[in-house]
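Read left to right, the sequence shown gives residues 1 to 314 (UniProt numbering).
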Amino acid sequence: MQSPEDIEDLKNHKEKFLFNLTQNFRKSLIIFDIRSKEKFEIKHFKESLHIPIQHPFTSNFSLSDLRLLYPQNNALQKLRRYCIVIGSDSENSTIAKNLEILLKSHKCRELYLFDEEYEEFLNRYPFLTEGSGVPLYPMISCGYPNEIIPKFLYLGSHFHAENYDVIKILNITHIINATRNVKNAFKGQGVKYCRVFVEDNAKEKISYHFHKAFKFIEEAKQINEAGGQTAVLVHCAQGVSRSATIVAMFLMKEYDISFEQSAEYLKKQRFVVEPNQGFVKQLKQFEARKGLFSRSNSMDLGNSYSPYERKSLG
C-alpha cells in the first residue's frame, strides 16, 4: 500500500469520502444511479435507485416526474430530509448534472454529485453493492467503521470491533481498543491488539498512551509498505471521543498538521467525532510540543500496565 503523502491527498480521495457518506447517513441516504441499465444490473449500490438515462432532466422536468419512477418510495416525498448522492459515469455526466440542478432548485442541501469516481467507488467497496457481477456479502446491521486512510486506518465503535464479518471484509489485522470494559473479541484469531485503558472522562490522561498507540499503528503501516496487507481499526464504545483522540494524534504526527486540521478532517469523515474537552486540551498540548511525546508517555508502554490494567488483562 502506498500511503498518502499529505493531508491534502486524504482530503481529495473522493471514493473514501463517498464511502464515509454511506456510513454517516446510513438511515437517511438516497443514491440515484444514472448509468446504463446494463451497468446497473451488473453492479450497483444496495438500495440505490436507477434513473433511466433517457430522462434529460431539463428545466421543465419536475420532482413529480421523478417520483413517478418509484411511486412506492416514500423517501422521494421528503427529499430535503435526506442526504442525496447522484452517481454517474463519463457517458452520462451531463444528465447527472441536470438532475443536480433540479434538486438544488428544490432546496435539497445535502447533495453530492460523483461521476467517473462513482464506478471506482463501486469497485473499491464491493461489499456495499449487489448485482449479477458481485458475490453475496453478509448483511452488516451495524454498518462499517469510517475510513480515515484508504484501506488502512478505520475509526469506529465497539459494534464494529465485535463483528467478525466487519473485521474479515475490511481485512482488519490490528485493533486499538480504547476502552476499559470491551473485550478483545478476536484475540488469538490472527488479530493484534493494543489496549488503551481510559474512560471517556476529561480528567483521564489519554496522552500517556499516545506513544504506544502511534507505535502500534506505525508498525502496521511499515508492514504495508514492505508489501504486507494490514489494516488498523481504532475503536472505543461509540467511536466519538477516545478513539477519535487517538486517531487525531496519529494524523497530527504522521502528517505534521495542527489539532484544528486533524479535527476538521476527522469530522468530515465521521460526523459524530467529538473528543471531550480534557482530550482536546491534551491534543493541543501535543501540538505545542510539535508532535513530541512527553516524558511520561515516551517510554515503551507495550508491556507497561497499571495495576488496574494487569488485573483486567487477567
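Every residue, glycine too, gets a C-beta built ideally from N, C-alpha and C. Just so it is clear, the structure is predicted and the values come from calculations on it, not from any experiment.
Is the Cβ of residue i closer than 8 Å to any Cβ of chain D?
i	result
G188	In summary, chain D is missing from the structure at hand, where a single protein chain is found.
Between residue i and residue j, what straight-line distance do the alpha-carbon atoms span, to the nearest angstrom?
i	j	result
L292	Y208	12 Å
N20	I246	19 Å
I148	N171	15 Å
L111	D9	23 Å
G133	R180	43 Å
M299	K104	For M299, the predicted structure reports a pLDDT of 46, less than 50, and the residue's modelled location is therefore unreliable. The matter cannot be settled from this model.
L18	G278	32 Å
A75	D256	43 Å
I42	K192	37 Å
R289	L283	10 Å
K11	L128	22 Å
T230	V166	14 Å
K97	F114	10 Å
L79	F271	20 Å
E91	F40	14 Å
K151	C83	24 Å
H158	S64	42 Å
residue 316	L251	Lying outside 1 to 314, the shown extent of the chain, residue 316 is not represented and no answer is given.
Y305	P135	With a pLDDT of 42 at Y305, under the threshold of 50, the predicted position of this residue should be treated as unreliable, and no value is reported.
Q77	I169	35 Å
G190	N163	15 Å
K187	S258	34 Å
N73	S93	25 Å
H160	S294	31 Å
A226	E100	43 Å
At what residues does the beta strand (DSSP E) containing residue i begin and finish?
i	result
F114	111-114
G278	Here G278 belongs to no beta strand (DSSP E); instead the alpha helix (DSSP H) covers 277-288.
residue 353	There is simply no residue 353 to check, as the chain begins at 1 and stops at 314 in what is shown.
I140	Premise fails: I140 is in no beta strand (DSSP E) and is neither H nor E.
L233	232-235
I84	83-87
Using only alpha-carbon positions, find the residue among the options that is nearest to residue i.
i	options	result
E117	K78, K14, L76	K14
I53	Q285, K37, N146	K37
C194	V232, Q72, R80	V232
F197	L99, L102, N177	N177
I175	V272, D115, L153	L153
L70	S48, K168, E91	First, the residue type needs correcting, since residue 70 is Tyr and not Leu in the sequence shown. Closest by alpha carbon: S48.
S241	N224, G228, K267, Q77	K267
G156	R35, V280, R80, V273	V273
H211	P275, F286, I30, I51	F286
A213	Q189, V280, G227, S243	S243
N224	T173, K168, E254, N73	T173
I7	L99, V280, G227, K253	K253
L102	E199, S62, Q72	S62
E199	P275, G228, Q222	P275
P126	K46, A161, H106, K107	K46
Measure the beta-carbon distance from residue i to residue j and round it to whole angstroms, keeping in mind my assumption that it falls under 8 Å.
i	j	result
H44	G143	No, H44 and G143 are not in contact; Cβ-Cβ is about 18 Å, not under 8 Å.
I30	I95	In fact, because the Cβ distance is near 17 Å, the residues do not count as touching under 8 Å.
F32	I51	5 Å
R81	S28	7 Å
Q23	N146	6 Å
Could you pull the start and end residues of the alpha helix (DSSP H) that residue i belongs to?
i	result
D33	Unbroken run through D33 is the beta strand (DSSP E), 29-33; no alpha helix (DSSP H).
V182	Taken as a continuous stretch (DSSP letters only), V182 belongs to no alpha helix (DSSP H), as it is neither H nor E.
Y265	259-269
Y164	164-169
Y255	242-255
K14	14-24
I175	Counting along the chain, I175 falls outside any alpha helix (DSSP H), though it belongs to the beta strand (DSSP E) covering 174-177.
K192	It is not in any alpha helix (DSSP H) - K192 instead sits in the beta strand (DSSP E) that spans 192-195.
F210	210-225
R67	63-69
residue 344	Residue 344 lies beyond the range of the chain shown here (1 to 314); nothing can be said about it.
D9	7-11
K37	37-42
Between residue i and the ligand GTP, is the CB less than 7 Å from at least one heavy atom?
i	result
L170	You won't find the ligand GTP in this model; it holds no ligand whatsoever.
* To do: Give a yes or no on contact between the region 128-142 and the region 234-242, applying the rule of three or more CB pairs nearer than 8 Å.
  => no
* Sufficient close CB pairs (3 or more, under 8 Å) joining the region 115-134 to the region 82-97 -> yes
* Does the pairing of the region 251-263 with the region 194-205 give three or more beta-carbon distances under 8 Å? -> Cβ pair count under 8 Å is below three, so no.
* Please determine if the region 180-189 and the region 211-220 are in contact, where contact requires at least 3 C-beta pairs separated by less than 8 Å. => Inter-segment contact for the region 180-189 and the region 211-220 is absent: fewer than three beta-carbon pairs are separated by less than 8 Å.
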